[in-house]
Structure formats: C-alpha cells, structure tokens
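Number of protein chains: 2
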Amino acid sequence: MQAGLAASPFEKLLLQKIHRSIGQAPIRLGFSGGEFLPSDCAGTESVVIHDLRALARMVLDPELGFGDAYAQGRIEVKGDLVHTLEVVFRAMHKVGKRSWYYRLFSGWLQRVQANTLDGSASNIHSHYDLNEEFYKLWLDSRLVYTCAYFPTPSATLEESQLAKMEHVCRKVRLQPGEKVVDAGCGWGALALHMARHYGVSVKAFNISREQIQYARRQAAREGLAGQVEFIEDDYRNISGRFDAFVSVGMLEHVGREHYSELGKIIHRAIGDSGRGLIHFIGRNRPEPFSAWIRKRIFPGAYCPALREAMDIFEPHEYAVLDVENLRLHYAKTLEHWLARYERSVERVSALFGPEFVRAWRLYLAGSIASFRTGLLQLFQIVFAGSACQQIPWTRAHLYAGEERVEKECRWTRAAS
Amino acid sequence: MQAGLAASPFEKLLLQKIHRSIGQAPIRLGFSGGEFLPSDCAGTESVVIHDLRALARMVLDPELGFGDAYAQGRIEVKGDLVHTLEVVFRAMHKVGKRSWYYRLFSGWLQRVQANTLDGSASNIHSHYDLNEEFYKLWLDSRLVYTCAYFPTPSATLEESQLAKMEHVCRKVRLQPGEKVVDAGCGWGALALHMARHYGVSVKAFNISREQIQYARRQAAREGLAGQVEFIEDDYRNISGRFDAFVSVGMLEHVGREHYSELGKIIHRAIGDSGRGLIHFIGRNRPEPFSAWIRKRIFPGAYCPALREAMDIFEPHEYAVLDVENLRLHYAKTLEHWLARYERSVERVSALFGPEFVRAWRLYLAGSIASFRTGLLQLFQIVFAGSACQQIPWTRAHLYAGEERVEKECRWTRAAS
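Chains V and W are the protein sequences, given in the same order.
The first sequence begins at 1 in the working numbering and counts up by one.
The second sequence begins at 1001 in the working numbering and counts up by one.
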C-alpha cells in the first residue's frame, strides 16, 4: 500500500465485509495513508491497518488475527481504544452470532479473559511469572487483582478495594473466633483483612508460590501470622472444618467440568451449617470456548453463566441467598488499572518490550468494553447450608455506613 | 383400637417404620388413647392417629394420606403444628430422599403449594372462587397474597406488604411517565402502588375475573383508573411496549415448560432496553412433581430452582442484576396469615365447614415450616437488557430510609 492511494476493489470488499460483520459500528476502517471506509462515518475513531498481511490474517484466522496484529503494531486504533471496542461490541450485538467476526471477538475475549486467569499455558504463563514490580505499577497498594466495589463512582481504587473486602466480609457475616477458608487468595489482602477486622482465623490457599510468599511476608509484617495460614496448595486439597468459605476470583480457573467437585470440597469444609461467598466473572448465558484456545492457549479457564454455577450448590441443597452483579464496578476497576498502566508504560516497555505493552493495553481496554457492554458480568453469590444460623434478616447491614473503609483509607494515606 | 391398649406388634412396626422414615424426629406417634412411640422421646409434640384406616392410607398412599387424614380429623397434632412440621422437615433432611415418607411430604408440599397457585383443578379451583370475604379475614387490607418484606421482624403485616411493594419499585427504579406491565396482578395492590407513588402507567394482567373486577373498583375509588388498566387476560396475550416488566407470584403458575415462552413475551414487551423483576417461590434444586398430582390435582404448578428460571433470561441475554432470597420473610408473612386465620376460624367453619378449616390450617402451617427449614425459597430476580440505561450503581438506594412506607402506614391507620 502506498500512502494516499485508494484501496483496490478487493481490499474495499474485505473492508466492507468486516464493517458489515461488526454491525456497521460507527468507526472507519482503512489502510495507513489510504482510503477509509465508510466515507460517511459519524464516529471519530478509526482502525488503521498497516499492511495487507494483518488484514489477511484477520480474515483467515479471526480467532487470533486482531489481537496479534494489534499487539504487533500492525493494526492501530486512532482515538479512544476503549470507546472504539465498546462501540464495536455494541454494534456486534445486533448482528448474528454466527459471523466469523463475532467469533474473532468472542475468541479474543476468551483469550484475554483467560489471559488473566490461567497460568498454565506457555506464552501467558510468563505473565504470571512477572515480578511483583509489574503488578505494583498499576494495581492498588494491596495488590488486589479482582473487581473492586466503588461505594460511589468517584471513590478511589484504594478505597474501593477496601470496600470490596468489607462488602464480602459483611455478606458472609463473619463473627470473631470463626474459621474461614479463602480459596484462591491472590496476594492475601482479603485473608488479612478478615483476620484484622473480624477476628477470624483464616486458611488461605493459592497455587502461586510467589503470591503465597508475598502474603506470608505481609502476615508477618502485620503481626497476623498466627491468625492467617497461607498454604501453597490447590483448592482440592483443602482440609479441616470451617464456618465460612470465601473465594474471590478463583472460579474462572476451576473449569466447567469441576464445579460439582468444588461443591463437594465446599461441603466437606463447611457442611450444612456453614455459609459462603463466591465472586467470579460470569456471562449471561453459557458460551462455548473456541476449540483452538482450549487446546493451544488456555486450557481450563471458563467464565460460567449462573445456570452453570448452580452445579456447585444444588447437590448439597445450599440455598442461594444473594446474587449481586457488579459488572459496572469491574469496568471502573479496569479503568483505574488502565490509567495507572498508561502512566507506567515506559517502565513496562523497558521491562518487557513494546509488543507486551500493546498486548496488555488491548487486554485492559477490551475488558473494560466487555464489562460496560455486558459481554461479561461479575457475580457475587452468597449461599448457606440448610442448618446455617447466620442468615441475615435483610441486606440493610451491607449499607450501614462505610466508617471502617474511610478510617483505614485515612490510615493508608497517612502511612504512604 | 381400644383406649389405653398397647399397640399390636404390627401397628408398632408401622409406627416405628414411619418414625425412622422421618429421621427419628423428636415427636411421638401413636393411636388415640393408646401407646405412643418412641417412649423416650424428648419432644413435647405428638401425632395422634385416630383410626387404623388413616395409618393404612398413609402407608399405602403416602402422597395424599397425611394431608387428607389431617383435614378429615383422623390425624391430629398435639402441641404446636408449625413446630411439629418444622421438626419433622429438619429431621427428614438427614434421611435419604428416596424414602416413601419423603415422597409423602414432598408430594404434600407440592400439593399445598399448588393449592395456592393454580386455579385450574376442580377441587382446589373452589378455593379461588371463595369470595373476597374469606381472604379479607386473614390477608392484609390490600389483599396482597404474596410474600411481604419485613424491614424488621417486628414490623406489622400492613407495613410489610407496603414495604414489599416499595422494595419491588425501587429494585426496578421506576421513573415518572414510564410504562410498566404487571403480569399476574392479583387484587391489584402493586399496580396501584406503582401508579400512585411512582407516576408510571401500568397495564396489569390477571385471568381471575373476580380479582380484576375488585382491582378496577379500587382503581376507580383511588382516582387511578386513567393510569392503571386492569386486563382480564393471560400473560401470553400481553401486547404493547413497556419500560419495565414486573411479576410477583405468577411464575409458579407458568409451568416449567413455558419459561422460554415467557422470556419471549418479556422480550416482546421490553426489548433490550427494558428491565424487570420476577418474584417467585423456588427451590434449592429442581424437584420432580409427583405424577399423581400433575395428572389429577394441580396441572401446571411448579416452583423452579434458579437454574431453571434462567430459561427465561438466557435466550435474550438479559443480565441478572440481583437475586434476593426472602424465604424467612415468607415464613413470617405466613405466621401473620395463620394467626389472623385462627382468629377467624369460627367464621371460616360457618362458611366452609370444619374439614376446610383443618386443610387450610395445615396448608398455612406446612408452608411456614417449609420456608423456615429451606424446603422452599422465595426469590426476587432483577434483570436488564443489554441496552438498559437504568442499572443502579449499587443497591444502597434500596435501604435509604423507609419514609414512604411509614407515611402511608400512618395514613392507613388514620383512615381505618
């Protein structure tokens, strides 16, 4: 392609085909320095394709073409990336699900989604081996890598990760002296919060050695090592009896076929008298994984519809007490992460190179667009056994002031 | 059986078999004037069987035996009926689901449940033809025949039915001028509340002529006839476009096999931009109906597990925003109903006879026990389409004071 040249009839045909497939979203498509279609587009954003190979790959291999080409810089988005993706997702919703372009995007969504969740595949596994420095660049100070809860849209990320932990603790009505199991504990912030503020003892499980080591150092630093035990092990090896089961952001790793097994493990841990909370990225209906992605990229990661999550609860007659959909809060969380990430791009590029920078930008931006448009949901499910005595009368106690969060945020700001 | 005689070995065997089947609940079983088993029972309640035929029917035809014999006065419960049933349900939970006695109770539960819901079967249809006088004896002044919402356990029934209507209106965030469809509107209280307090226009559907006529009179009396249209028709005939869909206590009538049809009707009414709320009696997992009951007594009535209710939402990619389980509130509602009912027993007996009195007592008491023990659940599901602009940021607005309820209750008390 030469700059300024009109697209050839064949190129035009391809561009038009893509544009129709994305529901004629109000963005323009074209080659760098060349013609952009549609010429009468009302939107201000455009997708710039730098070479024919990128276009060809998008057509021939939709499940990978766009993401790879974007990461490699062979496709660029002029204008706001998040808004562009959002506009495309909304327009695509109107066209049939069978189009190859839909598969491109849903495959890509699965990919970037799984990207954050499953460390077992080779090329993404490296993201999990990234040192703490990387995550410290753009997560909050407690390194909470799950959806926050914003009491108001203008709350800070620090406040909102704290508010999320409070929201979770209130939902399960923790009482001093109780035993809690935290399945998939990340860097340990929630386990430490429960111990510090609710006087419970916690066993927290995680298969990531780096995260467990970090969490143990934090526990020691905060004088909570006697109250919180961080265990480097799979959730399937949870043993002992507990009053409550909490899992934030692990279900996406568990895999569709293991939900009834997870239910058994929960029942072994808390029996009929316990209660619990599971927080996970879900969908409005079951969506099959791209076969290619299942096989080659991220085996095992899956975001379930509510129907599917019931496999955990039904066999043990656990009553679902409360389901809250926090998808707008995940969009907001990701906006904070992306803004912090952009401020650290120079350092990220020095660490991992420009392709990595673009890939993660696309992942964060695409996730924002997915939660905004409802391609993804964020569910918190509270459940209780048939003999549970801790069923709250109403949910009003969840909204009875945010004093603890405000207090600790003041403390955090003073300390930092 | 002669008074004071010991039970025969065969009778003892039957009594022991029943007692084992109900998980050796701490109640005693025996014949009137005869021996009661077990002799070392710690509980204070007992089930008195007045004749061998009642016992034989319970064994031979468990799905009907207990309920019929109780209604006919051939079985009595000495002590608190609700507590006795509760104790039995809890103990039964520990024994296998395959026992014939479990089927007795679950069949009975389905029966009395359906009893309240499905007017199509002959002998129960007569309950729906009961005049307003009967329901006015024990429902609240607005004749709301669904689960109330008690801001505190000590709130009155009047306050709590108002609070339920407020809770529903807040959950769907009604705005002045919007159009709402109310599917299965009962005597019309919710439709009138929405119009009066939220300035919306409502089309309310119900197949019961008596209820629709009552609701129309109420609308005229309150000057709301221009704002609320009560339509004597099936939900399947809902036509027109609306901003919100509300249905309280209708899903139990719809029948398992019609959920996807209901979803289509909702989508036709509110499209992708609307939102809605469905309030229904549910279960912790799908439970098959007794074949006998499906065929002979109450065709069509069914209380779904959450998994099953997803058939309504998934095909249209409706996002589930909020699920609240209010089963303890239904137990409390039924306690109020039962207490009012007992105060009116003389009049009920004069209207319908003593067998009717006992049958309804058993139905109300058994329902209390079912909601207390978790055999039944009460779910409110809030959902929204992919283009809905009314998604609340948090649920805090649901708990932001009960001024309207308090004000109207003062008004109600002043008027009465």
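All residues carry an ideal CB built from backbone N, CA and C; glycine is no exception.
These numbers come from a predicted model, not from an experiment.
Between A1244(W) and I1212(W), the C-beta gap is not smaller than 8 Å, which leaves the two residues out of contact. Counting only Cβ-Cβ distances below 7 Å, E1317(W) has contacts in chain V at N284, R285, in chain order. For G1374(W), the neighbours in chain V by C-beta distance under 8 Å run, in chain order, E317, A319, S386. A check of alpha carbon separations from V248(V) across E45(V), Q380(V), R20(V) identifies Q380(V) as the nearest.
Interface with chain W (8 Å Cβ-Cβ cutoff): P304(V) is excluded. L262(V) is outside the set of residues whose beta carbon lies under 8 Å from a beta carbon in chain W.
Closest by C-alpha distance to I1266(W), out of I1278(W), E1257(W), R1358(W), is I1278(W).
Counting of Cβ neighbours within 10 angstroms places F1066(W) among the buried residues, the total reaching 16 or more. Inter-segment contact for the segment 72-85 of chain V and the segment 39-48 of chain V is present: three or more beta-carbon pairs are separated by less than 8 Å. The segment 170-208 of chain V is shown to contain whole alpha helix (DSSP H) runs of 4 or more residues at 189-198, in chain order.
In the structure shown, the three-state DSSP call for Q1380(W) is strand. Secondary structure note for A91(V): its alpha helix (DSSP H) is the uninterrupted segment 81-94. In this structure the segment 1361-1370 of chain W lies against the segment 1330-1340 of chain W, because at least three pairs of beta carbons, one per stretch, are closer than 8 Å.
Between E1314(W) and A305(V), the gap from beta carbon to beta carbon is short of 8 Å. Contact with chain W is absent for V82(V), since none of that chain's Cβ atoms lies less than 8 Å from the residue's Cβ. In this structure T1373(W) is not in contact with R1020(W), their Cβ atoms being roughly 19 Å apart against a cut-off of 8 Å. For F31(V), the enclosing beta strand (DSSP E) starts and ends at 28-31. Chain V places no beta carbon closer than 8 Å to that of L1277(W), leaving this residue out of the contacts. At a cut-off of 8 Å between C-beta atoms, T394(V) counts as an interface residue with respect to chain W.
In this chain, E1257(W) is not harboured by any alpha helix (DSSP H), its DSSP state being neither H nor E. Per the DSSP secondary-structure output, K1078(W) pairs in a beta bridge with S1046(W). Taking a Cβ-Cβ cut-off of 9 Å, the neighbours of H1093(W) in chain V comprise D272, E317, S386, A387, given in sequence order. In the structure shown, S8(V) falls within a coil segment according to DSSP collapsed to helix, strand and coil. Each residue's CA atom was taken as its position, placing S1032(W) and H1050(W) some 5 Å apart.
Q161(V) has a beta carbon lying at 8 Å or more from every beta carbon in chain W.
For D1311(W), no beta strand (DSSP E) encloses it; the enclosing alpha helix (DSSP H) starts and ends at 1306-1313.
Assigned with DSSP and collapsed to three states, I1368(W) falls in helix.
Among the CB atoms of chain V, one or more fall inside 8 Å of the CB of P1151(W). A contact between stretches requires three or more CB pairs, one per stretch, nearer than 8 Å, and the segment 1196-1208 of chain W meets this requirement with the segment 1226-1243 of chain W.
The residue among S1386(W), T1394(W), R1285(W) with its C-alpha nearest the C-alpha of D1322(W) is T1394(W). If the five residues before and after G282(V) are omitted, its C-beta is found closer than 8 Å to the C-beta atoms of C303, P304, A305, L306, A309, L376, Q377, L378, F379, all from its own chain and listed in chain order. Cβ-Cβ separation between H336(V) and L157(V): approximately 4 Å, consistent with a contact (criterion under 8 Å). For I281(V), no chain W residue has a Cβ inside 7 Å of its Cβ, as the nearest lies near 13 Å away.
A buried status is given to T146(V), since no fewer than 16 other beta-carbon atoms sit within 10 Å of its beta-carbon. For D322(V), the three-state secondary structure derived from DSSP is strand. Going by DSSP, R275(V) is part of the beta strand (DSSP E) stretching over 275-282.
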